[in-house]
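Protein chains in written order, with this note's numbering: chain C, 520 to 813; chain W, 988 to 1414. We treat Cβ as the ideally placed atom computed from N, Cα and C, and that holds for glycine. One structure is given below, encoded as structure tokens.
Laid out in structure tokens, this is it:
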């Protein structure tokens, strides 16, 4: 038996080099592991959400469409905005689907780490995988919704342009800021449970403070001050670009006078950068001890 | 810290040279001066409002020093036990080793691939199928998706659940679930396995199967770090053991000795982590435990017992205060904590009159047991009464021994009862 023990030492014995173990972190195990885990968590989550229900994928599309129908009715017939904005219905639908991605991701991300308490407290894995998986799941939804959006865009007679090819850029920008916000809220939630209560209200407020229902130049025209504030919103330039590239090439570009001017654009971009830096900083700080805070 | 080789050998032949070999094997885990303190707010402040409304109120924190200067090495191929009572810090240590908690100070270095199992089937999602769960679990543990999918086959074969691969886990029986979870653990095939009380779930046969598999893996140089308060497992399987009490390393070395020291701590009565300070082991009790062991009828010490092999159970205690008429009672429990039988005695003089035990005197109790126990794990509880009347206990139901009864076949019931059975054909 002893002889066998000697002989059966695996070949790895030669490269058994001691490495320092520093405990859990946002990225422990490297990027590859983070990506594989997040992707798998997201796809299983996505499958579960749609294969478990009778109407499956239809729900993913039906939810924004129903809300869209209500808002379209209100804004074209009650507020008469529809008549003054080119392709208003698809503009509205597209914006809602884009903002809905942020709304869905961040709201799901808030309790996500606490909800995965079982694995956070008992296994070792890159902590960032949890919020990243949440955002990825929402991204799959977004892509499916965008298919429907483009059907409507064609039906409503918007003519295709080469700038449609820039759609991935818009999605990427939405993804980055959404991930950053999700990282912040999910890692702070274990210590500040209030975020759960505030967040719904905050996102609703942000929805109205973002040019989703209305184009930025309409606000500029009616109330300059309000327009100035809205132009600071990090989501404003993204939605403005989306409108210009996909729906109305003549729409004001971000930074143009009609969209609040270059200074406002710069501030809005600065806010985005601050959010991203903060996300990395907060998450890196919280991740090592998050298992203890649960 | 005592040298493991200097401790009187009580194990089967060959273990001495095995230990020498292990000491020469490369180190896989090196822990130095590990410290971990949990900061626990006395009133948990969870909300912003509380911070805003009482910004100046200092949140009062209590510090719980869960680990205080732990240092040890684990060599390749070694089975290393970490033992201690509830709240002693042993699980915290495992979680720090597993990178679930971050240490405050000290250094950990490891070699090879590590697979921690803090709980059987952790992260299993009842809404997913066995296939999805096994792959997810593999990726969670750091395998690539392809490697995790490849591992699926060996897991299913081991668990013998191939036909249920696409069944959702919520529809699994608890037995199937345990089998799957265990297969996942075994097939992780890491260089170092960290296991916490996993064997406490399931029945004795399952626990033994687990250890047999681990032992098989040991032949190929796999290393196991096992956290438990089951001394029978430690004594039967571990090469070395560490005893932790109040976050301090109290002993490192021979598993028999670690188990004995653990029982001595039990005699002290105090639960760790509740009171701070207090003195040495066993100071608060009127009796302290010096030794407890099993021996065969020829007087040789035993780690575990074969089925049907009668043995003597020995306890050596020392009185810390005068005991008027010490009465000792023992109860033997099986793995399900069911009482199997009890025995006891009162200290008597030759004429049958009870005798007092003065402080400092030692008392040895030796019980010869006609072993009818079915194979499995057993533990012994001890109660000591000062005067023989109820309610005057120096100790009550303190666990002082764990042992295995080894046998080939599992048997139903708790004990063998000889039955003479005849079968004949009636005309």
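The C-beta of residue 1126 of chain W comes closer than 8 Å to at least one C-beta of chain C.
For the segment 1047 to 1066 of chain W, the set of positions with a beta-carbon nearer than 9 Å to some beta-carbon of chain C reads 1063 and 1064 in chain order. When Cβ-Cβ separations below 8 Å define contact, residue 539 of chain C makes contact with chain W. Straight across, the Cα-Cα distance linking residue 1052 of chain W with residue 1067 of chain W is about 23 Å.
At a cut-off of 8 Å between C-beta atoms, residue 641 of chain C counts as an interface residue with respect to chain W. Put simply, of C/611, C/682, C/699 and C/679 the residue whose alpha carbon is nearest the alpha carbon of residue 586 of chain C is C/611. When DSSP reads this structure, residue 1095 of chain W sits in a beta bridge with W/1018.
Collapsing the DSSP output to three states places residue 1206 of chain W in coil. Here residue 675 of chain C really is in contact with residue 608 of chain C; their C-beta atoms are around 6 Å apart, less than 8 Å. The secondary-structure analysis by DSSP pairs residue 1052 of chain W across a beta bridge with W/1024.
Contact between residue 569 of chain C and residue 576 of chain C holds, with the beta-carbon distance rounding to 5 Å and staying under 8 Å. In the structure shown, the three-state DSSP call for residue 1212 of chain W is strand.
With respect to the 8 Å criterion, residue 625 of chain C and residue 536 of chain C are not classified as neighbours on the basis of their beta carbons. In this structure, residue 1107 of chain W lies near residue 1168 of chain W, with their beta-carbon atoms less than 8 Å apart. The alpha-carbon separation between residue 1360 of chain W and residue 1338 of chain W amounts to approximately 34 Å. For residue 783 of chain C, the closest of C/806, C/743, C/803 and C/770 by C-alpha to C-alpha distance is C/743.
With a threshold of 8 Å between beta carbons, residue 1361 of chain W makes no contact with chain C. Residue-level contact check: residue 808 of chain C touches chain W, since one or more beta carbons of chain W fall below 8 Å from its beta carbon. Between residue 1289 of chain W and residue 1281 of chain W the beta-carbon gap is near 4 Å, inside 8 Å, which marks them as a contact. The three-state reading of DSSP puts residue 1120 of chain W in helix, counting H, G and I together. At a cut-off of 8 Å between C-beta atoms, residue 1115 of chain W counts as an interface residue with respect to chain C.
Pairing residue 1136 of chain W with residue 1105 of chain W gives a Cβ-Cβ distance that is not under 8 Å. Closer than 9 Å at the C-beta level to chain W, one finds these residues of the segment 717 to 739 of chain C: 717. Scanning the segment 614 to 694 of chain C from its first residue to its last, the whole alpha helix (DSSP H) runs of 4-plus residues come out as 631 to 634, 636 to 641 and 648 to 674. With distances taken between CA atoms, residue 1247 of chain W lies nearest to W/1222 out of W/1222, W/1233, W/1414 and W/1236. Annotation: Cβ neighbours of residue 567 of chain C in chain W (cutoff 8 Å, chain order): 1114 and 1115. When Cβ-Cβ separations below 8 Å define contact, residue 1015 of chain W makes contact with chain C. By the criterion of a C-beta distance shorter than 8 Å, residue 556 of chain C is surrounded in its chain by 644, 645, 648 and 652, once the five residues flanking it on both sides are discounted. Pairwise C-beta distances place the segment 777 to 791 of chain C out of contact with the segment 623 to 637 of chain C, as fewer than three of them are shorter than 8 Å. Contact of residue 563 of chain C with chain W by beta-carbon distance below 7 Å involves 1115, 1119 and 1123. Residue 723 of chain C and residue 730 of chain C have their alpha carbons spaced roughly 13 Å apart. Shortest Cα-Cα distance from residue 1125 of chain W to any of W/1155, W/1077, W/1151 and W/1174 involves W/1174. Beta-bridge partners assigned by DSSP to residue 741 of chain C: none are found. Shortest Cα-Cα distance from residue 1372 of chain W to any of W/1230, W/1395 and W/1344 involves W/1344. Per the Cβ contact rule, the segment 1361 to 1369 of chain W is in contact with the segment 1384 to 1393 of chain W (3 or more Cβ pairs under 8 Å).
Where residue 1394 of chain W is concerned, there is no enclosing alpha helix (DSSP H), because DSSP gives it neither an H nor an E.
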